[in-house]
Each structure stands twice: as structure tokens, then as C-alpha cells.
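What follows is one structure encoded as C-alpha cells, with my remarks underneath.
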Amino acid sequence: MPRLRISILGLIAALFAVGCLYPPVTQPPPDEKQEVVIPLPYDLAWDAVNAVVTENSFHVQAQDMTNGIIEAAGPRFTLHDADCGKVRSVAGSYTAEPELDSSSVYNFLVRPRGTEATLVEVRATFNSSVKVPLHPATDVDCVSHGIQESNLLREVLVEAKKTHRPEFAKPGNTPPQAAPVTAQSSARPRRPPTSIDKTSAQREAPTSLHGFSLGGNVNLPAPPPQ
12 MPRLRISILG LIAALFAVGC LYPPVTQPPP DEKQEVVIPL PYDLAWDAVN
62 AVVTENSFHV QAQDMTNGII EAAGPRFTLH DADCGKVRSV AGSYTAEPEL
112 DSSSVYNFLV RPRGTEATLV EVRATFNSSV KVPLHPATDV DCVSHGIQES
162 NLLREVLVEA KKTHRPEFAK PGNTPPQAAP VTAQSSARPR RPPTSIDKTS
212 AQREAPTSLH GFSLGGNVNL PAPPPQ
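Residues in the sequence shown are numbered consecutively from 12, following our numbering.
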């Protein structure tokens, strides 16, 4: 019995020794995958970066325009995004999987480069708890593969092409005014003359004046000889 108890304890100790976590071996991404220079002045570049943060539905945790810093929390990441190390167990070694409580944080750094250009950097931090057999879960700072940073910088470049200052119309270029609408005459339309009107007009109008005919083809007698 004592020997059996010793062997069981030895087996348990061996299992604990086998179950361990190896840290990530992936190297951090180079600077060219984490920064880009865009042809925009600082204020417009700041607007472009904020537009990318909004389009990705990131949660802004800190923002400082004076120092050009935006800290935004992203969604859960996967093995495609970062390396969380390897786990060794009795069954062998396997890649550590990020858990459901994994987190990603993106730090955007915006720095002016002269008056018409700006440097934009993206630094990602990935963290997850990793389960090791016969051990409590361990928090691990996973190493980024640089994929998400490159994707975000491409989005910043696309947004930079659409970002412009608002254009205002010059004071002299006023739009032509529409022609005023002519009011319609309120006079009543004339009715055609009747026979009664013609008879009244003949009575009132003179028939002749100094030998000239008035009122149509009326022949007047010639004056008597002197």
C-alpha cells in the first residue's frame, strides 16, 4: 500500500510537471506594418483616424488631440491575429487558444510631419487567459502578427483620400435670381359689340369732318360750286 500511494503521488507530480505553458516565440511586427505617412495636415488626419475607429465600432477609452493619442478597445481576437504561446500536456504540445474573455486594444498615435503630412501609428495589444491542464488559467500577453495593424492603416489611407476641408462659395458668385412672375391682368375680357352698341355709336359719332369720311364707306355729297 505505501508503494502504491507513492506511485500515485509520483504520477500526479509528473502530470503537473508535464502540464505547462510556453510563452510566444513570434517576433513583434516591424515598424513598416504599424505606421504610415498620409498627405494630410494634422487636423484632417485626426478626423480620418477617428472615422476609421468609428467604422470599426471600436470603443474609445482615451482620447487626447493635443498629444495625438487615441486608445480604443476592439473585439475578441483569434490565433490569426496573435500568438499566445504553446501548451504542453500528456497528449503533447498544442497552440494556446484565446479564450472568450480575450481582449484587443489599439493605440493610435498621430504625429504631424510638416504642415501637409502626418504620421499615423497603430500599436495593438492582445491579452487572453490560457487554460493549462491541472493548472489554473493564466493571463497571457499575446504577440501580434501585425495583420490587424496593416488592415487599419490601409483603411486610414482610404479615408484620407475622402477627407477634405469644406468648400465655401465666393462672395461674388451669387446664384442668378429667378425672373419675377408677371401678375395676370384683372381686366375683364371684351365682349363682341352688339347691334345696339353699333346704333348708339352711329348716333353719337359725327358723320364727317372737312370732307373726309368717318366711320367706314359713307359717300358724302360734294360742296356746291361758288
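Beta carbons: idealized from backbone N, C-alpha and C, even for Gly. Predicted, not measured: the structure shown is a model, and the values here were computed from it.
Query, Result
"From Pro50, Cys153 and Tyr105, residue whose alpha carbon lies closest to that of Ser113", "Cys153"
"Buried versus exposed, by CB contacts within 10 Å (16 or more), Gly79", "buried"
"Inter-stretch contact at 8 angstroms, needing at least 3 Cβ pairs: the segment 71-90 / the segment 140-151", "no"
"Opposing strand residues paired with Val167 [DSSP bridges]", "DSSP output for Val167 lists no bridge partner at all."
"Beta bridge counterpart(s) of Arg99 as assigned by DSSP", "Cys31 and Ser104"
"Counterpart residues of Tyr53 in DSSP-defined beta bridges", "Tyr53 pairs with nothing; no bridge assigned."
"Supposed close pair Gly96, Leu32 - CB separation, criterion 8 angstroms", "6 angstroms"
"Cβ-based neighbour list, Glu46, same chain, cut-off 7 angstroms, excluding 5 preceding and 5 following", "Leu130, Val131 and Glu132"
"6 angstroms CB neighbourhood of Tyr53 in its chain, flanking five on each side removed", "Pro123 and Thr129"
"Residue environment, His156, which counts as buried when at least 16 other CB atoms sit within 10 Å", "buried"
"Exposed unless 16 or more other CB atoms sit within 10 angstroms - verdict on Tyr117", "buried"
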